[in-house]
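Asks: Just add 117 to wherever you are in the sequence shown, counting from 1, and you've got this note's numbering.
Cβ atoms here follow ideal geometry from the backbone N, Cα and C, with glycine treated the same way.
Computed from a prediction, not measured in an experiment: that's the story for all the values here.
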Amino acid sequence: MGNLQHGPGHDPRGRPGAPAAGRDRRRRGSSSARSRTGDDQLRLGVCVSGEGTNLHNLVRLGFDVVAVATNRPSSGGATFARERGIPLAELSQRSFASAEERDVAMRDFLLGHGVELVVDAGYDRIHTQPFLEAFADRIINVHPSLLPEFAGGMDAVEQALASGTRRTGATVHVVTAELDAGPILVQEAVPILEGDTVETLRQRVHEAEYRILPQGIRLMEARLAGSSTVR
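(1) Closest by CA to Q210, which one among H244, V235, M337 and V303?
(2) Using a Cβ-Cβ cutoff of less than 7 Å, which residues in the same chain neighbour Y240 once the five nearest sequence positions on both sides are dropped?
(3) Do L234 and M223 have their C-beta atoms within less than 8 Å of each other?
(4) With 16 as the cutoff for other CB atoms within 10 Å, does P261 come out buried or exposed?
(5) Since L178 and P308 should fall inside the 8 Å C-beta cutoff, what is the C-beta to C-beta distance between them, to a whole number of angstroms?
(6) Cutting at 7 Å between CB atoms, please list the residues of its own chain near D254, excluding the five before and the five after it.
(7) Please determine if the segment 192 to 205 and the segment 268 to 287 are in contact, where contact requires at least 3 C-beta pairs separated by less than 8 Å.
(8) Quick check: does the Cβ of T314 come within less than 7 Å of any heavy atom belonging to the ligand FAD?
(9) Is the beta carbon of N188 sitting closer than 8 Å to the one on R242?
(10) Going residue by residue through the segment 153 to 180, where are the continuous beta strand (DSSP E) segments of at least 3 residues, counting only ones entirely within it?
(11) Helix or strand or just coil, what does DSSP make of G239?
(12) Tell me the DSSP secondary structure of T285 in three-state form.
(13) What residues in its chain sit with their C-beta under 8 Å from that of D157, if we drop five residues either side in the sequence?
(14) In the DSSP assignment, find the beta strand (DSSP E) that holds I256 and state where it starts and stops.
Below is the structure:
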């Protein structure tokens, strides 16, 4: 099994002051539901595989990140969660017999922390049916292109640069069973400049992601509060 870590003084739902309980599996098959108002912040569970710069940005901006899950325990995003005391699930695929088994463990971990919205922020695995069903219409992903262009992988920046196009961008969309094809929430175009390298272009795409991912989360907050207006 993967390693489930809890921040100091957190219970399995992420509330301070209660003893940690590493494997709360009581609530299966449905995401947390509570009465919402337009002033509420969603309880976020962030899935990361890389450096976690979008995770850093969400925490810096004051979003309510109550749990982090990673398939790469040595990643920068996992290290950041540990340093900040954010409850962390380390779910390396080699610890599980199948992707579905891994996703069941991640589902139970996030539900146990009362997560209301899952944010895929540089997460390089495809969610399987048990996870998609548990968080139906409550998973968003930030993708480094203007979808539907350069969909389907983590190398969208490289693809854009090699294609000769003069612009790419970033997209926040709702995650569905079809890869990178869910409803688009917000996009931002990024010009490709003469002399750009993968590194320089990726940095500008990241900067666009830092702007639009908070917008996408606020849009989901507004939708779940029964409003169509982004705060």
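Replies: Inspection of the coordinates gives the following:
(1) H244
(2) C164, V165 and S166
(3) no
(4) buried
(5) Rounded, the Cβ-Cβ distance is 25 Å, inconsistent with contact.
(6) V291
(7) no
(8) Among the components modelled here there is no ligand, and therefore nothing to report on the ligand FAD.
(9) yes
(10) 161 to 165
(11) coil
(12) strand
(13) E338 and A342
(14) I256 to H260
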